[in-house]
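So in the numbering used here, spot 255 of the sequence shown is number 255, and the numbers just go up one at a time.
Each residue gets a CB set at the ideal place from its N, CA and C atoms; glycine is no exception.
Written below as structure tokens is the structure these notes are about.
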Amino acid sequence: MIGKADDKKFNLSLLENIISNEIKHIRKNWFLFLVCFFAARQNIIDEIFPFSVVALSVYSYLKGSSIVMLGTTIAAILSVRFDYTYIIMLTAIYAYFYGFRNEDKKSIVLAASYSASVLFVSKTTILAAEGFNWNGLMLNAFETLFVFSAIILTNEFIRVAVKIKTGSFNTDFHRKRTKKADTAIADSEKKDTANIVYLHRAREEAASALEAQDKSSANLYSARKHIDIFSEKAKTKIKEQLLWQSISVKYFEVISSNKNTIALSITVKTEKSSDEAEAAVELIVRNVCGVKLKCTERVLASPNYYVLKFKNIKRIKIRTYSASATKEGSSVSGDSFAYAGRLDKYYTVLCDGIGSGHEAFMESTGAVDLLSKFLYTDFSEEQILRTLNSILMLKLTDERFVTFDLNIIDYGTKEIRLYKAGAAPTYIISKNSVDKISGKSLPMGILDNFEYSSFKREVRAGDIIVMVTDGITDSIGMDEKKNLDKYLELIAGKDPQTIANSILSYALRGQDSVFDDMTVLVTKIG
């Protein structure tokens, strides 16, 4: 009885050690497990999962046999489909590495050969049982060759990458070269004292040479640094390099309207096309000054003369988040929205088709798609809105219309321009204040003589713009105790996605069902 109790205690202690070691292993290599999991799921063609074999083999060879890695690769296979063959193969490969865990590491070629042979034997055995054919055999052979090569190449790549990262690659490279030199130095020191003096002098001369080389490299690095685009040196350098491209500069001016914007106006004479001249200027300015420019205006002054205007605008980090709910009983929402950044602007648009359902969805989606295309043209914002209204007048029937809400944030001027046509109010949250902006114009697609409401506001980093559809405002307006303006003041300090979700939840609170499509867009500046 005593012996049995001791054995049980020993076994439990051993199990606890194994579990503890595996937990430490997971904490240390969790990211590697995650990478191997997604790699093991990949297949080259149908019925082939060679990456699971490669992932387990390479990991076990480098890190040692790990039951967690076996579980990771098997889980990757099962996440795609149940494949009994590969589960058995992976277990056999794990058993191979586990069997040699206490011995010296085998050759990678031997380990790769074993994994490849397990795959080939297993797949060929199944092929023979299901009905032998030469195409299947060749496929198994190619898969085996791929796995064998992939294991060796992956292991070699990881080995070299680790050496480069730790700096031991250069150490190993020089170690062989200096070993003989050190031996020769030791022998010469033993033979003659005069040689010692000579060696010391040689070392001093070598150190001086290395120091001079370092200074030369530093000077070369300094020469490669970018030149200030506003300096005369930069202008001269750009003109010289453009002349090498057969582009003669007749006029060159760089101005800066604010610290975020650089504008370049250049007049050139060349036999090249305007596109080629534009590309050459952009490339040379970027190489010389490190400034990325984009052509904003191109004028053909006379044959072979071009006036090109470029602008560089430091973009502000802007992100838009959304939350929405579809009317109960409808399969799609009648609300549509889009947001994107252009060269110098960032826009968000929110449209609401009349009513709900598929027809409202098609109307609002069509309006958003048209606007998105117009914003990449040279039309002014007013031309875009009036053209869009004219198109909707042709597409929509007399009883159909679309509410329209457009915000354009200008990176250069740091202002937001708002255009509203029958849309719900927009809110700008700046620090602890909330600015409500409401329009009074009719929706789009009703009148030929289209009038819209427009506003301008200055925006700063940290400001939040909230756009909603009438489903939100109507739902909140049904309850006298609710007030969106005050609610926004309460949640102004939260992150943008939380604000969007909170507004939607606030609108739905106390409602038995979603009586209209609801959409919230929250845009954070900076």
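_Among 236, 297 and 356, whose alpha-carbon lies nearest the alpha-carbon of residue 311?_
297
*asked:* I need the straight-line Cα distance from residue 542 to residue 68, nearest angstrom please.
replied: Lying before the first or after the last residue shown, residue 542 is absent from the chain, which here runs from 1 to 526.
*With DSSP collapsed to three states, give me the class of residue 252.*
strand
*Separation of residue 403 from residue 325, as counted between CA atoms*: 18 Å
*Using CA coordinates, which residue listed in 374, 332, 342 and 341 is at the minimum distance from residue 363?*
332
_Let me check understanding here. Comparing Cα to Cα, which of 276, 449 and 119 lies closest to residue 142?_
119
*Measure the beta-carbon distance from residue 473 to residue 519 and round it to whole angstroms, keeping in mind my assumption that it falls under 8 Å.*
With 8 Å as the limit, residue 473 and residue 519 do not qualify as a contact, their Cβ atoms being about 11 Å apart.
*Where does the unbroken alpha helix (DSSP H) through residue 67 begin, and where does it stop?*
67-80
*asked:* Please state the DSSP three-state secondary structure of residue 510.
replied: coil
*Can you give, in chain order, each stretch of the beta strand (DSSP E) that sits fully within the stretch 331-414 and has at least 3 residues?*
335-341, 345-353 and 402-410
*For residue 440, count neighbouring Cβ atoms within 10 angstroms of its own Cβ and tell me buried if that reaches 16, exposed if not.*
exposed
_Using the Cβ count rule (16 or more neighbours within 10 Å means buried), how would you classify residue 94?_
buried
*What did DSSP end up calling residue 429 once you bin it into helix, strand or coil?*
strand
*Label residue 111 either buried or exposed according to how many other C-beta atoms from any shown protein chain fall within 10 Å of its C-beta, with 16 as the threshold for buried.*
buried
*Measure from the alpha carbon of residue 509 to the alpha carbon of each residue in 277, 477, 489 and 521, then state which is nearest.*
477
_Checking 9 Å against the spacing of the C-beta atoms, do residue 278 and residue 295 come in under that value?_
yes
_Which residue wins for smallest C-alpha separation from residue 339, given the options 122, 125, 521 and 435?_
521
*Where the beta strand (DSSP E) through residue 264 begins and ends*: 261-270
*Inter-stretch contact (C-beta, 8 Å, three-pair minimum) for the stretch 440-452 and the stretch 486-494*: no
*Looking at the structure shown, is residue 159 part of a helix, part of a strand, or coil, going by DSSP?*
helix
_residue 512, buried or exposed, once every other Cβ within 10 Å from all chains shown has been counted against 16_ = exposed
*Can you tell which of 66, 54, 58 and 59 has the C-alpha that lies nearest to the C-alpha of residue 23?*
66
*Other residues of its chain near residue 123: CB distance less than 6 Å, five sequence neighbours each side excluded*: 140
*Considering residue 115, what are the terminal residues of the alpha helix (DSSP H) in which it resides?*
108-130
*What did DSSP end up calling residue 51 once you bin it into helix, strand or coil?*
helix
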